[in-house]
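Here the sequence shown is numbered in the working numbering, starting from 26 and rising by one per residue. Quick reminder that beta carbons are idealized off the backbone N, C-alpha and C, glycines included.
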Amino acid sequence: MASDETTRLLPGPGDEQPCDRGESETRGSISGGTGLAIFIAYLGAFLASTDESLVIATYDIIASEFHELSKASWLVTGYNLGYCIALPVYGTLADILGRQRSMLLGYLVFALGCLIRWVGRNWSDQYVTDSSSSLSNSMNQLIAGRIISGVGSSGMVVMISIIITDLAAPSEVALLRSYTNVVNMLGRGAGAPLGRVIVNSLGWRWAFTGRLPLIVLCLFLSRVQFPTKPRAATPAAETSNIEKLKRLDYFGIFSFAAAVFTLLLALTAAGTIDRKLSTVYALLGMCTLATVVFICHECLWAAKPLVPLRLVTKGVGQYWLVQVVLFSGRCGVTTTITQYLTQVRQMQEEGATLFLVLSTMALAVGSIISGFSIKRTKRYKKMSLASAAFSIVASTLLFFSWHFDRPVWETLLVIPMSTPIGIIISGEFIGMTGRAPQEDMASCVGAYYLSQQLGVILGGSIAPLLVRMGFMRDIAGKFGQRTPEIARQVLSDARFVDTLPEGMQAVVRSSLQYGYQFIPGRCISLHVDIR
């Protein structure tokens, strides 16, 4: 029996079945060509993984250049929005277009997202005469490019599991999938410091366009090296492919995207200084309507639901909810930690980025620990509960560190806070696969990763909003009539605080610290909800 994304990781005593002999012979030990094909897929996953952490570490610098720091979180959430929407689509495309074409499509879309930033900037500089309009258009086009990059990145990452299952022998699939996790973590760990170095030395545009040669190389090697299975071009086969394409839940994708998009708009509107509550309420109402429509469609009318919501009440939904909560809390910390250290603690950008790298590596270590432990003991519940308690303690200590004027090294508490999260994530996946019906396993796994991306989107939007709201509340009236203008400048340019006189800097940094303290506090409440 071939291993795939729906294969149980911990088979029971009677679950072993003999592999089909023909299949084993077809997919034996990895040959040189097959190994190169898998290496190309790993390289694509590495590029996609670096993209997210690179922007997390530099989005404040990029947005400050456009004086649009209030929109900075969209550089992260826009990418994850595109990734989240495209995630369940590539599985169907792989069956319709084939593995190679789907991978090539992911590379092309990712490259397009990198290029659109450069094209958009040239267009606005050439055709828009008003400088403020030019900056605004460029920022919006950069966000659009990030959404497109997320769509391409989703294909580059998701297709790896499918390709490994196709090309590798059943006995090697599990090992290669573990390498996939290592590649993703290495990419996320390398992206942040690499992004800081490129932004500080060459400029942030090279952080996007500088990867194009590697993407072109992946495109060429994928076209040449990927094994293809000949398919008979019969009318029946063509009809079958067309029918598969028609069965894709387009309305579910559209309604889900509308719900997430309007929620992000509402959070962005709520974080502006001159926010209009009527606009925020209207957007939240639209989000609620889109969510209700999505749920009704998935439960009542969808022939092939994007998410099997009927399983929510059968013990599977709790695992999806845990992923939303975990990734929302973690992403809240990762999207703000470098800004906290540079704006409040006045650290150099390279040193602040190191804390983000260590947090990412701690998550990977937690996943490895959990994997070995579950393999040995076949248990995960007690370990997950203990990990949640340990993470709550670390988050509480981090809250007090950010609340009071504590030594900066105490921010290393993100390491014991992140390691248990990696343990919980691995354990929850085992629990979900044990409860999900076999016929719905693929959809449940897709919904599991979808929940993670939704948590990333929420965390990346809510955390900067909490910082801005806390800052505006604490700084109110401290500089008299100049307060609104100073607050606007601080929220528009991450480096503006460095230009103020020392006395004013101390007041502004204190108000910023008041806003940042809510981030670990939010993690505490979320982890308590998990328990």
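Specify, as a first and last residue, the run of the alpha helix (DSSP H) that residue i falls within.
| i | result |
| --- | --- |
| Leu336 | Here Leu336 belongs to no alpha helix (DSSP H), and DSSP marks it neither H nor E. |
| Gln538 | Glu527 to Tyr541 |
| Lys400 | Glu374 to Thr402 |
| Lys407 | Lys406 to His428 |
| Pro441 | Val439 to Arg460 |
| Pro509 | Thr508 to Ser517 |
| Arg230 | Trp229 to Thr234 |
| Val433 | Neither: Val433 is in no alpha helix (DSSP H) and is coded neither H nor E. |
| Thr360 | That residue, Thr360, is in no alpha helix (DSSP H); it is neither H nor E in DSSP. |
| Thr524 | No alpha helix (DSSP H) holds Thr524; DSSP gives it neither H nor E. |
| Val318 | Leu302 to Cys321 |
| Leu288 | Tyr275 to Ala295 |
| Val369 | Note, Val369: premise wrong, no alpha helix (DSSP H); not H, not E. |
| Cys109 | Ser98 to Ala111 |
Look at the alpha carbon of residue i and the alpha carbon of residue j, and state the distance between them as a whole number of angstroms.
| i | j | result |
| --- | --- | --- |
| Val208 | Thr385 | 12 Å |
| Asp40 | Ser451 | Reliability of the predicted coordinates at Asp40 is poor, the pLDDT of 42 falling under 50, and the value obtained from them is presented with this limitation in mind. So the two alpha carbons sit approximately 21 Å from each other. |
| Leu292 | Ile417 | 26 Å |
| His428 | Ala73 | 35 Å |
| Ser89 | Phe543 | 23 Å |
| Leu516 | Gly495 | 12 Å |
| Glu510 | Gly214 | 37 Å |
| Gln538 | Phe415 | 25 Å |
| Leu314 | Gln530 | 44 Å |
| Val433 | Leu366 | 8 Å |
| Phe245 | Gly216 | 24 Å |
| Val522 | Lys339 | 52 Å |
| Asp430 | Phe281 | 43 Å |
| Trp148 | Gly396 | Note on Trp148: pLDDT 46, under 50, position unreliable in the model; the coordinate value appears next. Cα-Cα distance, rounded: 50 Å. |
| Lys406 | Asn225 | 45 Å |
| Thr524 | Arg370 | 15 Å |
| Ala472 | Leu422 | 33 Å |
| Leu438 | Leu309 | 35 Å |
| Val134 | Leu383 | 31 Å |
| Tyr115 | Val241 | 21 Å |
| Arg401 | Leu351 | 25 Å |
| Gln514 | Met372 | 20 Å |
| Arg46 | Ile278 | Residue placement at Arg46 cannot be trusted, given a pLDDT of 36 that sits under 50; what the coordinates show is reported in the next sentence. Rounded to whole angstroms, Arg46 to Ile278 spans 40 Å at the Cα level. |
| Arg404 | Arg355 | 24 Å |
| Thr316 | Asp274 | 15 Å |
| Ala512 | Ser392 | 41 Å |
Going by the beta-carbon positions, is the gap between residue i and residue j smaller than 8 Å?
| i | j | result |
| --- | --- | --- |
| Arg124 | Met164 | no |
| Ser443 | Ala387 | yes |
| Leu61 | Ala136 | no |
| Ala413 | Pro441 | no |
| Ala284 | Cys312 | yes |
| Gln343 | Asn105 | no |
| Ile320 | Ile399 | no |
| Thr20 | Leu381 | A query on residue 20 cannot be resolved here, the shown segment of the chain reaching from 26 to 556 and no further. |
| Cys139 | Phe286 | no |
| Arg534 | Gln368 | yes |
| Ser486 | Leu289 | yes |
| Tyr132 | Gly177 | yes |
| Ile223 | Gly212 | no |
Identify, in the order they occur along the chain, each residue of the same chain with its Cβ nearer than 8 Å to the Cβ of residue i, setting aside the five sequence neighbours on each side.
| i | result |
| --- | --- |
| Tyr306 | none |
| Met128 | Ala66, Gly69, Gly180, Met181, Met184, Ile188, Ser247 and Phe251 |
| Arg221 | Ala82, Thr83, Glu374, Glu375 and Thr378 |
| Leu100 | Val80, Tyr84, Ile87, Ala88, Leu167, Ile168 and Arg171 |
| Asp465 | Pro333 and Leu336 |
| Thr205 | Tyr67, Ala70, Ile185, Ser186 and Ile189 |
For residue i, I'd like the list of residues in its chain whose CB is within less than 7 Å of its CB, leaving aside the five on either flank, ordered along the chain.
| i | result |
| --- | --- |
| Phe424 | Gln542, Pro545, Gly546 and Ile549 |
| Leu475 | Cys109, Leu112, Pro113 and Val332 |
| Gly502 | Thr508 |
| Pro255 | For Pro255, the predicted structure reports a pLDDT of 44, less than 50, and the residue's modelled location is therefore unreliable. A value from the coordinates is still provided. No residues qualify anywhere along the chain. |
| Val341 | Met457, Arg460, Ala461 and Cys469 |
| Ala12 | This structure cannot speak to residue 12, because the chain is shown only from 26 to 556. |
| Val390 | Thr444 and Gly447 |
| Pro260 | Legend: pLDDT at Pro260 = 49, less than 50; position of this residue unreliable, value from coordinates given subsequently. Excluding positions up to five away in sequence, the list is empty. |
| Trp345 | Ala472, Tyr473 and Ser476 |
| Asp518 | Ser89, His92 and Leu94 |
Return the chain-ordered list of same chain residues with a C-beta closer than 6 Å to the C-beta of residue i, the five sequence neighbours on each side being excluded.
| i | result |
| --- | --- |
| Leu118 | Ser127 |
| Val349 | Ser476, Leu479 and Gly480 |
| Ala488 | Gly357, Thr360, Thr361 and Ile544 |
| Gly528 | none |
| Ile78 | Before going on, a small fix: residue 78 reads as Ser here, not Ile. Cβ neighbours of Ser78 beyond the five flanking positions: Arg213, Gly216 and Ala217. |
Next item on the list: Spell out a yes or no on whether the stretch 480-498 and the stretch 458-472 are touching, meaning 3 or more CB-CB pairs, one atom from each, closer than 8 Å.
Entry: no
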